[in-house]
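Residue numbers (this note's numbering), protein chains in the order written: chain D, 1129 to 1243; chain V, 11 to 123. Data first, discussion second: the structure below is written as structure tokens.
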């Protein structure tokens, strides 16, 4: 499809397990964002990739969280040793340019439930 | 970094009635402002944005918003809502020299017949 694709759409895991969430941005979009949406809260910025520049990881909540973007396209968000407070919807967005004067195109999200 | 406050978490409204969703942000010299909408089981999509120029911004589906610098507000309005406007609405702001958007907690609009 032409939009941002995220997988899995739903993931249930046990506390302490590792999970990987995948994002396929829109082809040609150089900027890629990960946000986290917790129940009753706004979207929380996690990480930003722009082209070949070093990513802005300032929003990652702990060292259990990491993300990479291969070939300037697909991105994977990894959460190690998951905790119950990691339960949330993880949203990926891409943009054709690096700034936010343009529109962010969001995927439908990956809902993570940690038991 | 900016902070965003959406003053209403839930707004019930009857079909064809007007609706206003309130949004305030922390002060900054220059900001960009956005409203995103999330329909049930869909991703967020841009409703409208203010970058510069006219303080009254028109978006898709008949929505409009007004930027008020003195009150640091960017309230969203629609004069007559439809059932299909039932969704969650997010206000977002960024400093004009920053690529990160700060989002509010969202306002759930439920339109009833």
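Note that CB positions come from ideal geometry on N, CA and C, so glycine has one too. Note that this is a predicted model, so its numbers are computed, not measured.
Chain D contact residues for residue i, given Cβ-Cβ distances below 8 angstroms
| i | result |
| --- | --- |
| residue 52 (chain V) | 1236 |
| residue 14 (chain V) | 1170 |
Cross-chain neighbours of residue i in chain V, by beta carbon under 7 angstroms
| i | result |
| --- | --- |
| residue 1156 (chain D) | The premise fails here: residue 1156 (chain D) is roughly 18 angstroms from chain V at the closest Cβ pair, so nothing lies under 7 angstroms. |
| residue 1229 (chain D) | 42, 61 |
Beta-carbon neighbours of residue i, restricted to chain D and to distances below 7 angstroms
| i | result |
| --- | --- |
| residue 114 (chain V) | 1170 |
Contact list for residue i against chain V, beta-carbon separation under 9 angstroms
| i | result |
| --- | --- |
| residue 1262 (chain D) | Any property of residue 1262 (chain D) remains undetermined from this structure, which presents chain D solely from 1129 to 1243. |
| residue 1232 (chain D) | 44, 46, 54, 56, 102, 111 |
| residue 1217 (chain D) | None at all; the shortest Cβ gap to chain V is about 10 angstroms. |
8 angstroms contact criterion, which residue i and residue j should meet: CB distance rounded
| i | j | result |
| --- | --- | --- |
| residue 1131 (chain D) | residue 1154 (chain D) | 7 angstroms |
| residue 1090 (chain D) | residue 1202 (chain D) | Any property of residue 1090 (chain D) remains undetermined from this structure, which presents chain D solely from 1129 to 1243. |
| residue 1170 (chain D) | residue 116 (chain V) | 6 angstroms |
| residue 102 (chain V) | residue 46 (chain V) | 6 angstroms |
| residue 1208 (chain D) | residue 1143 (chain D) | 12 angstroms between Cβ atoms; not a contact. |
| residue 75 (chain V) | residue 85 (chain V) | 6 angstroms |
| residue 34 (chain V) | residue 82 (chain V) | 6 angstroms |
| residue 1241 (chain D) | residue 1148 (chain D) | Contact flag wrong, Cβ pair sits at about 15 angstroms. |
| residue 122 (chain V) | residue 22 (chain V) | 7 angstroms |
Proximity of residue i and residue j at Cβ, strictly below 8 angstroms
| i | j | result |
| --- | --- | --- |
| residue 41 (chain V) | residue 12 (chain V) | yes |
| residue 1245 (chain D) | residue 1200 (chain D) | The structure shown does not extend to residue 1245 (chain D), since chain D is modelled only from 1129 to 1243, so the question has no answer here. |
| residue 43 (chain V) | residue 77 (chain V) | yes |
| residue 1230 (chain D) | residue 1134 (chain D) | no |
| residue 1222 (chain D) | residue 1174 (chain D) | no |
| residue 110 (chain V) | residue 1176 (chain D) | yes |
| residue 1224 (chain D) | residue 1141 (chain D) | no |
| residue 1238 (chain D) | residue 1137 (chain D) | yes |
| residue 93 (chain V) | residue 30 (chain V) | no |
Residues that residue i bridges to, as DSSP identifies them
| i | result |
| --- | --- |
| residue 1221 (chain D) | D:1161, D:1234 |
| residue 85 (chain V) | V:76 |
| residue 21 (chain V) | V:119 |
| residue 1242 (chain D) | D:1141 |
| residue 1152 (chain D) | D:1133 |
| residue 15 (chain V) | V:34 |
| residue 97 (chain V) | V:119 |
| residue 49 (chain V) | Bridge partners of residue 49 (chain V): none, in fact. |
| residue 1209 (chain D) | In the DSSP output, where bridge partners are listed per residue, residue 1209 (chain D) has none listed. |
| residue 1172 (chain D) | D:1164 |
Under 9 angstroms by beta carbon: chain D residues contacting residue i
| i | result |
| --- | --- |
| residue 100 (chain V) | 1170, 1171 |
Contacts that residue i makes with chain V (C-beta to C-beta distance below 8 angstroms)
| i | result |
| --- | --- |
| residue 1132 (chain D) | 53 |
The ligand ATP heavy atom lying under 7 angstroms from the CB of residue i
| i | result |
| --- | --- |
| residue 1166 (chain D) | The ligand ATP is absent from the structure shown, which contains no ligands of any kind. |
Against chain V: residues of the stretch 1199 to 1214 of chain D by CB proximity under 9 angstroms: none
Members of the stretch 1165 to 1184 of chain D near chain V, C-beta cut-off 9 angstroms: 1165, 1168, 1169, 1170, 1171, 1172, 1173, 1176, 1178, 1184
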